[in-house]
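The listed protein sequences derive, respectively, from chains A and B. With the working numbering applied, the first sequence corresponds to residues 39 to 176, in that order. With the working numbering applied, the second sequence corresponds to residues 39 to 176, in that order. Built from N, CA and C at the ideal position, the CB exists for glycine as well. All of these numbers come straight from a predicted model, not from anything done at the bench. Taking it in order: structure first as structure tokens, then the write-up.
2 protein chains.
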Amino acid sequence: MLSKKTKYALHALTYLGKHKDEGTVLIHDIAEEYGISHKFLENILLELKKAGILGSKKGKGGGYYLIKEPKEIPLSKVIRLLDGPIALLPCVSLNYYEPCSECKDEATCGINKVMVQVRDETLKILENKTLADILLGE
Amino acid sequence: MLSKKTKYALHALTYLGKHKDEGTVLIHDIAEEYGISHKFLENILLELKKAGILGSKKGKGGGYYLIKEPKEIPLSKVIRLLDGPIALLPCVSLNYYEPCSECKDEATCGINKVMVQVRDETLKILENKTLADILLGE
DNA sequence: TATAAACCCTATCTTTTTTATAGAGTTTAT
DNA sequence: ATAAACTCTATAAAAAAGATAGGGTTTATA
Chain A
39 MLSKKTKYAL
49 HALTYLGKHK
59 DEGTVLIHDI
69 AEEYGISHKF
79 LENILLELKK
89 AGILGSKKGK
99 GGGYYLIKEP
109 KEIPLSKVIR
119 LLDGPIALLP
129 CVSLNYYEPC
139 SECKDEATCG
149 INKVMVQVRD
159 ETLKILENKT
169 LADILLGE
Chain B
39 MLSKKTKYAL
49 HALTYLGKHK
59 DEGTVLIHDI
69 AEEYGISHKF
79 LENILLELKK
89 AGILGSKKGK
99 GGGYYLIKEP
109 KEIPLSKVIR
119 LLDGPIALLP
129 CVSLNYYEPC
139 SECKDEATCG
149 INKVMVQVRD
159 ETLKILENKT
169 LADILLGE
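Spelled out as structure tokens, the structure:
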């Protein structure tokens, strides 16, 4: 399951997508819309900004805005950013690889081989669904 | 990512699959093979038994054994049992449904709609990969 | 230039979940 | 009778997630 961080990030992106022609949007407005803690959401938006998905304007009259087209923001990117690996095991993660302590030899591990396939097929799904798909359903 | 419980369950099932013509297998032997805590593994095997995947024989000379064909044990079943939902959000889980607190109306939630699709496509993957596939790769 | 609005950043606290352990039962082969 | 081996429940320890706090910086505007 996705963490609340990722879920809230998706809600925030959806909100920003729906209001993308209205200039900047306040953290406050997003937090209120979904009943989320302002401060918790702040951290999330900051991460999305650092990842190059959002832009921000500081000071009075500031706020956040999308700097990418919704169709250029795949679920895979948001999930990796807030939740970490998409792979089911560390030993098959492309972005967060770590060996499994209990595994003597990855080359002869049947679980590893199957999980590589699961990872590739899962990635296909999550790279093809984007914020644009979410916005279409609203 | 899968929990260690699920990962160890997969290792145990793999071990049992490889030794399925040798009668029962001791918890001890599996724990030793992978350097896992005997007691932790014990709980896992018990769950697999309660779920009808393993059988056991008590008393001296006892142990565990597969009571299903490897090709009848899909990853989806093992993951659901030890880790819970496969869906990415509680509001789209088939087996562990719960509404999302921040969501006013699922029917008009674009995230919900996309996640239903992700769930269905993910399930296709995990229902089609079985213990038999793991054993083929060993 | 003072002020208030709004994002920026880091640290810490709390809660929940995961991982691991303990120990007393029960069953069964020998 | 004994020892081996699974059964069951409870609890402790560690890690991760969720939430909060508070001061810092930037900027529009009066």
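Inter-residue spacing [alpha-carbon to alpha-carbon] between residue i and residue j
i: A/Ile149; j: B/Val116; result: 13 Å
i: A/Lys77; j: B/Leu126; result: 24 Å
i: A/Pro137; j: A/Met39; result: 23 Å
i: A/Tyr103; j: A/Ser41; result: 23 Å
i: B/Cys147; j: A/Arg157; result: 27 Å
i: A/Tyr72; j: A/Ser94; result: 20 Å
i: B/His66; j: B/Leu120; result: 20 Å
i: B/Lys106; j: B/Lys151; result: 35 Å
i: A/Tyr53; j: B/Met153; result: 17 Å
i: B/Lys98; j: B/Leu51; result: 22 Å
i: B/Gly90; j: B/Arg118; result: 14 Å
i: B/Glu165; j: A/Asp171; result: 25 Å
i: B/Lys43; j: B/Ala145; result: 35 Å
i: B/Leu173; j: B/Leu86; result: 18 Å
i: A/Ser131; j: A/Gln155; result: 11 Å
i: B/Lys162; j: A/Ile163; result: 11 Å
i: B/Lys88; j: B/Glu176; result: 27 Å
i: B/Glu70; j: A/Asp143; result: 16 Å
i: A/Asp59; j: A/Lys45; result: 23 Å
i: B/Gly61; j: B/Lys96; result: 13 Å
Continuous alpha helix (DSSP H) stretch holding residue i: start and end
i: A/Lys162; result: 148–166
i: A/Ser114; result: 113–121
i: B/Lys45; result: 42–56
i: A/Lys88; result: 76–88
i: A/Leu173; result: 169–174
i: A/Asp143; result: No alpha helix (DSSP H) holds A/Asp143; DSSP gives it neither H nor E.
i: B/Glu136; result: Where B/Glu136 is concerned, there is no enclosing alpha helix (DSSP H), given that its DSSP letter is neither H nor E.
i: A/Asp67; result: 65–72
Listed by chain order, chain B residues near residue i by CB distance under 8 Å
i: A/Val152; result: Leu113, Lys167, Asp171, Ile172, Gly175
i: A/Gly73; result: Ser139, Glu140
i: A/Thr62; result: Neighbours of A/Thr62 on chain B: none; closest Cβ ~22 Å, over 8 Å.
Per-residue contacts from residue i into chain A (C-beta, under 9 Å)
i: B/Ile163; result: Gln155, Val156, Glu159, Thr160, Ile163
i: B/Leu40; result: Leu126, Leu127, Met153
i: B/Pro123; result: Met39
Proximity of residue i and residue j at Cβ, strictly below 8 Å
i: B/Ile111; j: B/Thr160; result: no
i: A/Gly55; j: A/Pro128; result: no
i: A/Ala47; j: A/Ile74; result: no
i: A/Leu113; j: A/Thr168; result: yes
i: B/Tyr134; j: B/Gly122; result: yes
i: B/Gly101; j: B/Val63; result: yes
i: A/His57; j: B/Glu140; result: no
i: A/Leu79; j: A/Ile68; result: yes
Run of the beta strand (DSSP E) containing residue i, from where it starts to where it stops
i: B/Tyr103; result: 101–104
i: A/Leu92; result: 92–95
Within chain A, the residues that residue i reaches when beta carbons sit closer than 7 Å
i: B/Leu86; result: The contacting residues do not exist; B/Leu86 stays about 15 Å from chain A at best.
Chain A residues whose Cβ lies nearer than 8 Å to that of residue i
i: B/Leu48; result: Ile149
Chain-ordered neighbours of residue i on chain B, where CB pairs are closer than 9 Å
i: A/Lys3; result: Residue 3 of chain A cannot be examined here, being either before or after the span of chain A that is shown, 39 to 176.
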